[in-house]
Amino acid sequence: MNKYINRFFLTSALAMAGLLGTTTSCTDYLDKSPESDYEENDPYKNFMNFQGFTEELYNCIPIISNSEYHTCFNYGEDVYWEPQETRLQTMNVDNGDFWGWTTAYYGYPRSGGAAGTSTRRDKGDLWTNSWYGIRKANQGIENLGNLVSATEEERQLIEGQLYFFRAWFHFMIMEWWGGMPYVDHVVTETEQLDRLTWQECAEHCVADFQHAAELLPVNWDETVAGKVTLGKNNMRINKIMALAYAGKTLLWAGSPLMNWASGGNREYNTELCKRGAELLGEALRITEETGRYELAPMDQYNDIFLLHNSNGRINGVNEAIFQENLIDYNSRWRWNMVNDFRPTSIEASGIKNYPTANYVNYFGMANGYPLPEDITQADAESGYDPTHPWKNRDPRFYKVIMFDGVKFKNSGGSGGCVELYTGGRESEERDSKKGCFTGYMNSKLCPQLMNTTDGYKENNIMVLNLMRLADVYLMYAEAAAVGYGSPQGKATTYSLTAVDAINKVRDRAGTAHVLDKFLGNTTDFLSEVRRERAVELAFEGFRFMDLRRWMLLTQQPYTLKTKIEFDRAGGSYNYDAPEENAIRNLREVTLLERQYTDRHYWYPIPRKDANIYEGFSQNPGW
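Quick note: the sequence shown uses our numbering, first residue 387, plus one each step.
Here's what the structure looks like:
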């Protein structure tokens, strides 16, 4: 998107989102006091009423993982779905048709929802809910003067949440559709607003996030107002969230795509990245000083992504900073959490998806070395051996990926070990439509022993983190390295260098530190930053955004999706340690090559909104 200014008449989008109408009842997204209910004509006079009004903004947080009965949200080169399944947005994305977000039945974001409702399907409509949330935040901000019965703490809590959400919903729209008008007041039906560049819009977001950070506490449980809902405040907006999102916005604004879209070159804007590092560093410093968030121990790594036997309550692992909407969390996964991640030989129904082989290759060796470019060849430096390709890998590999010989449970509750070799029971050769197309299965979002009969599934529900602490460390590493021009660069607000921040995440995993060979310059270091993000944040919905903002989406090898084929070497098989078993004839085969151009860096804006008036143009190429 080249730099341009448009006049944007928002009536259609806003009316569709319900932004020109009245607000709905307060949300049940967060547990809250019954006193927060309010009468429609007087929601602002005291804290309880105003908080009830404000909490509907939490209700507009999207469901990303599963607003329908099948999950579809990983659009990078990370996942391969049933190619014949036309209801999936992934199929459209793979074919270069990004209009799929307005037509596909399964996927995120999606169109056609009603904003501000408690209907699960509507929570996948990011476009509608975001404009609705922006208007509601502005309604609240313009009525802060009517909060006549409140303490100073209560006033700050209300104002901080409103400013955070105004910025956050703008940011979420910008990620997918580019620079937009920054709506900082309640618009009228005849008002036209300027469409800003990405960086211009980002500056407004950052100002709002920083204002929110000045007002909000680190922990609501430690406030007087928060004690009314003590122990149920985990996902309420706080200072660290606001600082981290301010830093993220600046890092995104400084990334090659957003810099180019704002009239610059296809490279990082170092000054914006430096500012991002300062804010991300401040968020990390406060986190470490207060203990508000912490990296989960490795033996609890998968717990970051699951709700355990808790009736929807956030589990005890304290790494999640901001999560997707949990509305109707149980029923949205009850049918297909297992089915979608396992071939028919294990689970009979579902729309199948599996990690691509080329993405699994990002999981390097435990000694810190990446895999060789050609995985069929041995590599003396790293110790990689194609006859034992799963031996001595990064410990996260064993937490996230199921490979040949790994144990499972099926729908009958009985156990076994997967056969992913060519012609094996779970292979594509045995079932061309629903077998394992890639040679790997996911055990991050669906534990390997998950099944439909023993209660394990019903009591373990996957939920996506929109931001977690490891992500903040990795964003800081990238921003500090780019902003300060070195892997040893660091913000003035924080004690760790860029490489220290990555190593902190690797220490949790038990993976060796970034090797000296990648520390000589920023370019080499960034290759490890990108690989680290691919590994640590695998299948959490970040990859597509990362490839876009780095402007790698259109480049090989990032356009490829591959599978592995291999044979077992024969002899006795060690099912207790499958990584020790030998294989032969390992080969990597291309399943798909995506044909992308520059237009694919932005999703198209809904036609009815892009054609509101003559001066507002569609995103380039659409």
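Cβ coordinates follow ideal geometry from the N, Cα and C atoms, glycine included.
These figures come from a predicted structure and were not determined experimentally.
(message) Can you find the residues in the same chain that come closer than 6 angstroms, C-beta to C-beta, to Gly-532, ignoring five residues on each side of it along the sequence?
(response) Going by the sequence as given, residue 532 is Asn instead of Gly. In the same chain as Asn-532, and ignoring 5 residues on each side of it, the C-beta atoms closer than 6 angstroms to its own belong to Tyr-430, in chain order.
(request) Identify every residue that forms a DSSP beta bridge with Leu-860. (result) Note: Leu-860 sits in no beta bridge, so no partner.
(request) Give me the Cα-Cα distance between Ala-898 and Arg-892, rounded to the nearest whole angstrom. (result) Spanning the alpha carbons of Ala-898 and Arg-892 requires a straight line of approximately 7 angstroms.
(request) Could you pull out every residue in the same chain whose Cβ sits closer than 6 angstroms to the Cβ of Lys-795, ignoring the five residues on either side in sequence? (result) The answer, listed in chain order, is Gly-801, Leu-835, Asn-837.
(message) Using 8 angstroms as the threshold, is the C-beta distance between Tyr-715 and Ile-623 below it?
(response) It is not a contact, given that the beta carbons lie outside the stated cut-off.
(message) Please tell me whether Val-572 and Glu-545 are closer than 8 angstroms, where the distance is taken between their beta carbons.
(response) Between Val-572 and Glu-545, the CB-CB gap reaches or exceeds 8 angstroms.
(message) Please report the straight-line C-alpha distance between Val-849 and Ile-888, rounded to a whole angstrom.
(response) Computed Cα separation, rounded: 24 angstroms.
(request) Give every residue of the same chain whose Cβ lies closer than 8 angstroms to the Cβ of Tyr-415, excluding the five residues on either side of it in the sequence, and list them in chain order. (result) Note on Tyr-415: pLDDT 29, under 50, position unreliable in the model; no value is reported.
(message) For a test of the three-state rule: what should DSSP assign to Gly-802, helix, strand or coil?
(response) In the three-state DSSP reduction, Gly-802 falls in the strand class (E or B).
(message) To the nearest angstrom, how far is the alpha carbon of Leu-501 from that of Glu-454?
(response) Position check: residue 501 holds Ala in this sequence, whereas Leu was assumed. Counting only the Cα atoms, Glu-454 lies some 16 angstroms from Ala-501.
(message) Which residue marks the beginning of the beta strand (DSSP E) containing Asp-580, and which one marks its end?
(response) Here the beta strand (DSSP E) through Asp-580 covers 578-581.
(request) Give every residue of the same chain whose Cβ lies closer than 7 angstroms to the Cβ of Trp-1008, excluding the five residues on either side of it in the sequence, and list them in chain order. (result) If we look at Trp-1008 and ignore the five residues flanking it on each side, its Cβ neighbours are Arg-985, Pro-990.
(message) Considering only their Cβ atoms, is the gap separating Glu-864 from Glu-636 smaller than 8 angstroms?
(response) Checking the sequence shown, residue 636 turns out to be Leu, not Glu. In this structure, Glu-864 does not lie closer than 8 angstroms to Leu-636 by Cβ.
(request) From the DSSP output, in three-state form, read off Ser-813 for me. (result) Of the three classes helix, strand and coil, the one that applies to Ser-813 here is strand, per DSSP.
(request) Determine the DSSP secondary structure at Asp-953, reduced to helix, strand or coil. (result) Strand, per DSSP.
(request) Closer than 7 angstroms by C-beta to Pro-992: which residues in its own chain qualify, once you throw out the five before and the five after it? Chain order, please. (result) Closer than 7 angstroms at Cβ, skipping near neighbours: Thr-488, Ser-497, Trp-513.
(message) According to DSSP, Tyr-989 sits in a beta bridge with which residue or residues?
(response) DSSP lists no beta-bridge partner residue for Tyr-989.
(request) Sort out for me which residues DSSP pairs Cys-822 with in a bridge. (result) The partner list for Cys-822 (beta bridge, DSSP) reads Ser-813.
(request) Tell me whether the beta-carbon of Ser-735 lies closer than 8 angstroms to the beta-carbon of Asp-817. (result) Against a cut-off of 8 angstroms, the Cβ pair of Asp-817 and Ser-735 comes out as no contact.
(request) Compare the beta carbon distance of Ala-611 and Glu-540 with 8 angstroms and say whether it is the shorter of the two. (result) Result yes, Cβ atoms of Ala-611 and Glu-540 sit closer than 8 angstroms.
(request) Please report the residue range of the beta strand (DSSP E) in which Met-853 lies. (result) Per DSSP, Met-853 belongs to the beta strand (DSSP E) from 851-854.
(request) Kindly identify the DSSP beta-bridge partner or partners of Ala-706. (result) For Ala-706, which the question treats as bridged, DSSP gives the partners Arg-854.
(message) Between which two residues does the beta strand (DSSP E) holding Glu-978 run?
(response) The sequence given here places Leu at residue 978; Glu does not occur at that position. Per DSSP, Leu-978 belongs to the beta strand (DSSP E) from 969-979.
(message) Buried or exposed, going by whether 16 or more other CB atoms sit within 10 Å of the CB of Glu-812?
(response) With 16 or more other Cβ atoms within 10 Å, it is buried.
(message) Can you give me the C-alpha to C-alpha distance between Trp-988 and Asn-744, rounded to a whole angstrom?
(response) So the alpha carbons of these two residues sit roughly 24 angstroms apart.
(message) Would Pro-756 and Ile-787 qualify as a contact pair, given that the criterion is a beta-carbon distance under 8 angstroms?
(response) The answer is no: Cβ separation not under 8 angstroms.
(request) For Ser-419, name the three-state secondary structure that DSSP assigns. (result) Low per-residue confidence applies at Ser-419: pLDDT is 46, beneath 50, and the placement is therefore not dependable, though the value from the model is reported in the following sentence. Ser-419: coil per DSSP, three-state reduction.
(request) State whether the segment 508-526 contacts the segment 564-571, with contact taken as three or more CB pairs (one from each stretch) at a distance under 8 angstroms. (result) Touching, yes.
(request) Along the beta strand (DSSP E) that carries Asp-465, what are the first and last residues, could you check? (result) For the sequence presented, residue 465 should be read as Val rather than Asp. For Val-465, the uninterrupted beta strand (DSSP E) segment begins and ends at 465-467.
(message) In whole angstroms, give me the CA-to-CA distance for Ala-628 and Phe-708.
(response) For Ala-628 and Phe-708, the distance between alpha carbons rounds to 11 angstroms.
(message) In whole angstroms, give me the CA-to-CA distance for Cys-412 and Met-931.
(response) Only weak support exists for where Cys-412 lies, its pLDDT of 34 falling under 50; the value from the coordinates is given anyway. Approximately 32 angstroms between the Cα atoms of the pair.
(message) Using CA atoms only, rank isn't needed, just tell me which of Arg-919, Val-792, Gly-809, His-590 is closest to His-556.
(response) For His-556, the nearest C-alpha among the options comes from His-590.
(request) Report, in whole angstroms, the separation of the C-beta atoms of Ala-895 and Arg-782, which I expect to be a contact under 8 angstroms. (result) Contact holds; Cβ gap of about 5 angstroms.
(message) Suppose the cutoff is 7 angstroms on Cβ atoms and the five residues either side in sequence are ignored; what does the same chain contact list for Val-746 look like?
(response) Within the same chain, Ile-787, Tyr-826 come within 7 angstroms of Val-746 by CB-CB distance, once the 5 residues on both sides are set aside.
(request) Pick out whichever of Thr-676, Arg-728, Tyr-982, Asp-760 has its Cα sitting closest to the Cα of Glu-974. (result) Selected option, being the one with the closest Cα: Asp-760.
(message) Just verifying my parser: in three-state terms, what is the DSSP assignment at Arg-779?
(response) Three-state DSSP puts Arg-779 in a strand.
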